[in-house]
Structure formats: structure tokens, C-alpha cells
Amino acid sequence: MNKNYIFIIALIILNVSFGVARAQEQLGLRERARKHYNQYEYFQAAQLLQKLADVKKPVLSDLELLADCYYRMKNYELAENWYSRVFNQPKSKTENLIKYGEVLKSNSKYNEAKQVFLQYVKLNGDQSRITTEIAGCDSSLIWIATPTLHQVTNETLVNTNLSEFSVFPYQNKVFYTGEPDTALFKSIYGRTGNPYLRIYTADKSSNTLSKPSIDLSNFNTGKYHIGPVTANADGSVLYVTRTTAGKILELNQVDRVKYQTNNLELYTFKKTRDKWEELSFPYNNVQKYSVGHATLTPDSKTLYFVSNMSGGFGGTDIWYCELQNDGTWGKPQNAGASVNTTKDEMFPYAGEAGSLYFSSNGWPGMGGLDVFMTKGSRQNWSKAINLRYPVNSSADDFSFTISPSTDNMVSGFLASNRKGGKGGEIGHVSKYSRVERSAISRTERSIAPNSSACLR
3 MNKNYIFIIA
13 LIILNVSFGV
23 ARAQEQLGLR
33 ERARKHYNQY
43 EYFQAAQLLQ
53 KLADVKKPVL
63 SDLELLADCY
73 YRMKNYELAE
83 NWYSRVFNQP
93 KSKTENLIKY
103 GEVLKSNSKY
113 NEAKQVFLQY
123 VKLNGDQSRI
133 TTEIAGCDSS
143 LIWIATPTLH
153 QVTNETLVNT
163 NLSEFSVFPY
173 QNKVFYTGEP
183 DTALFKSIYG
193 RTGNPYLRIY
203 TADKSSNTLS
213 KPSIDLSNFN
223 TGKYHIGPVT
233 ANADGSVLYV
243 TRTTAGKILE
253 LNQVDRVKYQ
263 TNNLELYTFK
273 KTRDKWEELS
283 FPYNNVQKYS
293 VGHATLTPDS
303 KTLYFVSNMS
313 GGFGGTDIWY
323 CELQNDGTWG
333 KPQNAGASVN
343 TTKDEMFPYA
353 GEAGSLYFSS
363 NGWPGMGGLD
373 VFMTKGSRQN
383 WSKAINLRYP
393 VNSSADDFSF
403 TISPSTDNMV
413 SGFLASNRKG
423 GKGGEIGHVS
433 KYSRVERSAI
443 SRTERSIAPN
453 SSACLR
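The sequence shown begins at 3 in the working numbering and counts up one residue at a time.
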């Protein structure tokens with residue numbers, strides 16, 4: 003399988019603005035690799051670091067940097083290979099054990115991962131950082147042995163060896179976000195080595211997707227990443243996530259480069275006859291933080307989104323705005339500690355009856371991002387429940403959405419870079435409610451039986 007793993011949209015991306023005299027060609031291999039790394043161009047950095055690390059007596063810092071490149075690129079198999087070599091170095095820092103355990107967990111090696119986490123505690127004495135990870139290892143073995151009644155199938159007409167994710171049902175079709183083929187787009191994102199993201203459309207019938215195409219609407223134009231997209235109840239307003247150039251930082255004295263932070267923004271587009279009119283979203287602040295991954299409640303009165311703005315719990319949090327009487331959005335509020343953690347929460351989806359689905363790597367899970375579900379509104383939520391296996395896997399599982407269902411079946415979509423696919427791709431999730439009607443109410447039928455066994 004082509005190991006072109008998905009890169010989850012980061013909420014801070016760095017590009018470079020050269021203002022220096024010394025050309026990159028004149029730099030040594032190590033300096034060039036570190037410059038790429040500092041620019042978040044992990045794909046290019048890894049290619050250079052591979053040459054430095056593949057020697058009889060490699061430098062520990064080169065091994066650490068190479069392992070971290072693959073970790074950040076979501077290539078967990080190669081990350082495990084290099085972290086194992088880091089682990090065997092006599093002067094390896096205990097901090098490396100955290101990421102080594104995480105990649106073992108993401109490769110379904112739960113018992114090995116647990117032992118690495120316990121070794122970290124033994125050497126470091128700090129158990130607070132790995133309690134959630136160990137709980138996830140223990141739960142994962144149980145969940146795999148007792149899978150839920152969900153069925154996950156690959157959307158073969160849509161998926162490629164690149165990345166596809168964030169399906170949003172729209173009328174008789176869907177929008178989703180994907181990496182274009184390099185034959186169509188020449189602008190390459192240095193973190194992945196693949197083109198910048200764009201929005202695709204595909205017709206939808208009988209819960210299957212047809213062959214897709216890049217949407218040619220004006221909301222799908224830009225220099226950097228575009229997507230995901232969501233819409234209000236009648237489909238007249240779209241909320242599109244875009245990467246936008248932000249603040250240019252001070253000159254880096256080590257590699258003599260000025261960096262620029264590129265953040266996510268929300269753009270709103272209102273349908274006017276045969277085109278989309280761009281409107282402003284009042285809480286974008288590209289100079290300070292990111293806003294993206296929007297979802298609306300079924301009544302279109304509450305907008306949930308992801309941001310790393312100040313006032314959160316850490317990493318990226320889920321926030322919300324409420325629609326005011328004058329048609330504007332109220333001040334952003336954090337969704338609270340029942341949803342957000344010190345790590346990353348993203349890709350929210352507001353379903354029926356107050357349900358909120360989201361992905362997180364901060365709650366006990368199977369590895370990487372897992373899909374969770376909670377019920378409530380605003381800052382008041384029930385205990386978040388892991389959707390377990392097979393919705394979740396040891397890899398990143400995210401952008402879970404629900405599609406209109408038949409009388410006896412609930413279906414939806416999620417994205418995952420789990421083994422068995424071509425790349426980071428879209429899966430179709432279905433579940434027949436008649437099989438489990440005695441255990442689950444209609445409004446909660448997407449949660450597995452015996453969900454109380456989840457570690458929460």
C-alpha cells in the first residue's frame with residue numbers, strides 16, 4: 003500500500019520568506035534538513051535526514067529529528083522504526099519515550115506501547131502525562147475483541163492514494179476535502195509533499211458516492227489549503243475553512259530566515275442566483291490564531307468550530323457562537339471541559355437531538371485521533387463516549403458525519419488513515435438500528451451497546 007499518510011489540518015502552518023544572502027545550496031546537509039524542519043517541511047527534511055541517519059554511528063539528534071518528521075507526517079510505521087533506534091541510544095532523553103509509545107499505539111501494538119509508557123514513569127516519575135494513554139491501550143484490546151455493530155466500508159470511487167476527508171452531505175451530493183493529483187496542481191505543500199487541499203463534489207445515491215470532481219465554484223479558489231466546508235439548513239450559506247497568510251515573524255538568528263505564520267480562517271458564502279457571494283466572519287484573526295472546521299446545529303442557530311485562540315484548555319479546542327436576533331454571530335465561547343482537553347479536539351459535527359461528534363487525541367482512545375460523541379449544548383455536555391472499534395482504529399479517525407437515514411439504518415462518513423486503504427481516505431459507516439433497538443434509543447443509535455464499559 004502507498005504510505006502517503008494524511009496530514010490532519012494543523013491550525014498553525016509555517017512558510018518561509020527568504021531575506022538572506024546565503025543560498026540553501028551552500029548549506030551543509032544537516033543545516034538544510036533543519037531549515038526544512040523549522041519551516042514545517044517535514045517531507046523534504048526527512049529525505050535529507052535519512053542520509054545522515056543511515057550510517058554506522060548516527061548522531062542522536064539526527065535520529066530524533068528524523069523520527070519526529072515521520073511522526074508529524076503521520077507515517078507511524080517509519081516513525082516507529084526510527085524511534086526504536088532513538089530508544090536504543092544510551093543518551094536518549096526520556097521524553098522520546100512518550101512519542102515512541104504513541105507510535106506503537108498507533109500501530110496497534112498496545113501491549114508494547116503500555117510497557118514503554120510505564121518505563122517513562124519509571125525513569126521520569128511523572129504519571130500524569132501517560133495515564134490517558136495507558137487507559138486507551140487497555141480499552142483498545144477490549145474494544146477490538148468486542149466490536150460494535152457498525153460496518154465501515156471503503157468509498158472506492160472517491161478514495162485515491164492521496165488524502166480525502168470531511169464529507170458533508172449537501173442536497174443530492176456531498177462536498178469533501180481532498181488532495182488533488184500533482185498533474186492538476188503544481189503547488190506542493192512541504193509538510194506532506196502533496197498538493198494543497200481543495201473541495202470536491204460527488205453525487206450521492208443509496209448511501210454510495212459517485213466519481214468525484216473538483217468543485218469549480220468561487221469559494222474553492224485560494225493559494226493554500228481550502229476545506230472543510232459545511233452549510234446551513236437550507237444550503238443557502240456555506241462556511242469554508244481556508245489557510246491564509248498571517249504575521250511575518252522576526253528574523254531567525256540560527257538559519258537567517260524570516261518565517262510567516264499561516265492560520266486558518268472561516269469564510270462564509272451566500273448563494274445569490276448563480277454564484278456565491280463572500281461574506282465576512284467576524285471572529286477571524288489570522289495574525290493571532292486560527293478558526294476553522296465549522297459545523298451548524300440542525301436549526302442553524304449555533305455554530306461550532308475549532309480554534310487555538312486564547313482562553314482554551316490547550317492545543318485546539320471546540321468553540322461556539324450563537325445566532326443573534328439581528329442575524330450576526332455572538333461572541334465565541336469555549337465548549338468546556340467535558341469536550342476539550344489539553345491536547346487537540348477538532349472536526350466537530352452537530353447532529354440531531356443535541357448530539358455532538360468530534361475527534362480528539364486527548365481522551366482515552368485507540369491511537370491518534372478517535373471519534374467521540376456527547377450530548378448537550380453550549381457548555382453543558384454529557385460524558386463524551388468513544389465510538390469504539392470499528393468506527394475507531396489505531397490510526398487517525400476523524401470528520402465523522404451522519405447522513406439522512408432510512409427507517410432502520412443510520413449511516414454516515416468518516417475519514418481514516420487505517421491500514422487496508424490507499425492513503426488517508428473516506429469510509430462509509432452504517433448501522434442497522436433494528437439489530438440493537440433494545441439497547442439503544444433512536445436518537446443515540448450510533449453509539450455501541452455496552453458503552454458504559456468505555457473508559458471515561
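C-beta atoms are modelled at their ideal positions from N, C-alpha and C, and glycine is treated no differently. This structure is a prediction, so every number in the text was calculated from the model and none was measured.
query: Could you give the residue range of the beta strand (DSSP E) that holds S309?
result: Element bounds for S309: T304 to S309.
- prompt: Can you tell which of Y42, T150 and R131 has the C-alpha that lies nearest to the C-alpha of T343?
  reply: That would be R131, whose Cα lies nearest to the Cα of T343.
query: Cβ atoms of Y172 and G237: under 8 Å apart, would you say?
result: Against a cut-off of 8 Å, the Cβ pair of Y172 and G237 comes out as a contact.
- prompt: Roughly how many whole angstroms lie between the Cα atoms of D346 and L358?
  reply: So the alpha carbons of these two residues sit roughly 16 Å apart.
- prompt: Measuring CA to CA, which of R420, F187, M368 and S379 is closest to A147?
  reply: Cα-wise, what sits closest to A147 is M368.
- request: Just grab the DSSP bridge partners of L281 for me.
  value: According to DSSP, L281 bridges with T270.
message: Tell me which residue opens and which closes the alpha helix (DSSP H) that N98 is part of.
response: Boundaries of the alpha helix (DSSP H) around N98: E97 to S108.
- prompt: Any idea what DSSP makes of S418, helix, strand or coil?
  reply: Reduced to three states, the DSSP call for S418 is strand.
- request: Have a look at P182, T150, A355 and W145 and flag the residue whose alpha-carbon is nearest the alpha-carbon of N161.
  value: Closest by alpha carbon: P182.
field: Cβ neighbour criterion (16 or more within 10 Å) applied to S207
entry: S207 counts as exposed, since fewer than 16 other beta carbons sit within 10 angstroms of its beta carbon.
- prompt: In terms of alpha-carbon separation, which member of A386, S379, V373 and F221 lies closest to G414?
  reply: Among A386, S379, V373 and F221, the Cα nearest to that of G414 belongs to V373.
message: So the candidates are E354, G317, L125 and E135; which of them puts its Cα closest to the Cα of A115?
response: The shortest Cα separation from A115 among E354, G317, L125 and E135 belongs to E135.
- prompt: Which ranges does the beta strand (DSSP E) cover as unbroken runs of at least 3 residues, wholly within the region 285 to 358, from first to last along the chain?
  reply: Within the region 285 to 358, the complete beta strand (DSSP E) runs of at least 3 residues are 293 to 298, 304 to 309, 319 to 324 and 347 to 352.
field: Residues near S340 in its chain [Cβ-Cβ closer than 6 Å; skip 5 each side]
entry: Cβ neighbours of S340 beyond the five flanking positions: W383.
query: Where do the N-terminal and C-terminal ends of the beta strand (DSSP E) with Q1 fall, by residue?
result: An answer regarding residue 1 cannot be provided, because it is not within the stretch 3 to 458 covered by the chain.
Those residues which DSSP pairs with K377 across a bridge: For K377, the pairing in a beta bridge is given by DSSP as S357.
- prompt: Considering only the beta carbon of each residue, do Y122 and G138 sit closer than 8 Å?
  reply: In this structure, G138 does not lie closer than 8 Å to Y122 by Cβ.
Inter-residue spacing [alpha-carbon to alpha-carbon] between R258 and R193: Low confidence applies to R258: its pLDDT is 47, below 50, so where it sits in the model is not reliable, and the reading given next is rough at best. Put simply, the backbone Cα of R258 is about 20 Å away from that of R193.
message: Tell me which residue opens and which closes the alpha helix (DSSP H) that G138 is part of.
response: DSSP places G138 in the uninterrupted alpha helix (DSSP H) bounded by T133 to A147.
- prompt: Mapping DSSP to helix, strand and coil, what is G429?
  reply: It is a strand residue.
R244 - DSSP class collapsed to helix/strand/coil: If DSSP states are grouped into helix, strand and coil, R244 belongs with the strands.
- prompt: Are three or more beta carbon pairs between the region 82 to 89 and the region 57 to 72 nearer than 8 Å?
  reply: Judged by Cβ distances under 8 Å, the region 82 to 89 makes contact with the region 57 to 72, as three or more pairs qualify.
- prompt: Does the beta-carbon distance from T304 to E324 come in below 8 Å?
  reply: Yes, the pair counts as a contact, with Cβ atoms nearer than the cut-off.
message: Please state whether the Cβ-Cβ distance between P350 and V412 is less than 8 Å.
response: Not in contact: P350 and V412 (Cβ atoms no closer than 8 Å).
- request: Note down the Cα distance separating W365 from L371, rounded to an integer number of angstroms.
  value: Here the alpha carbon of W365 sits roughly 9 Å from the alpha carbon of L371.
query: Which residues in the same chain have their Cβ closer than 7 Å to the Cβ of N234, if we skip the five residues on either side of it in sequence?
result: Only L298 and S302 meet the Cβ criterion.
field: Pairwise C-alpha distance: K175 and N265
entry: Cα-Cα distance, rounded: 29 Å.
- prompt: Using the rule of at least 16 other Cβ atoms within 10 Å of the residue's Cβ for burial, across every protein chain shown, is K101 buried or exposed?
  reply: Its Cβ being crowded by 16 or more others within 10 Å, K101 is buried.
message: Rounded to the nearest angstrom, what separates I320 and T179 at their Cα positions?
response: Distance between the alpha carbons of I320 and T179: 20 Å.
- prompt: Between the Cα of S141 and the Cα atoms of P334, S110, A55 and N220, which residue gives the shortest distance?
  reply: Out of P334, S110, A55 and N220, the CA that lies nearest to the CA of S141 is found in S110.
- prompt: With contact counted as at least three CB pairs below 8 Å, one residue from each stretch, are the region 377 to 393 and the region 91 to 98 in contact?
  reply: Output reads no: the region 91 to 98 does not touch the region 377 to 393.
- prompt: When the Cα atoms are used, what is the spatial distance from K273 to V239?
  reply: Put simply, the backbone Cα of K273 is about 6 Å away from that of V239.
DSSP state of E157 mapped onto helix, strand, coil: Looking at E157 - three-state DSSP - the assignment turns out to be coil, as it is neither helix nor strand.
query: Under 7 Å from any heavy atom of the ligand ADP, does the C-beta of F221 make it?
result: The ligand ADP is absent from the structure shown, which contains no ligands of any kind.
query: Taking all protein chains shown into account, do 16 or more other C-beta atoms lie within 10 angstroms of the C-beta of N394, making it buried, or fewer, making it exposed?
result: That one is buried.
- request: Kindly indicate which three-state DSSP category R87 falls into: helix, strand or coil?
  value: Three-state DSSP puts R87 in a helix.
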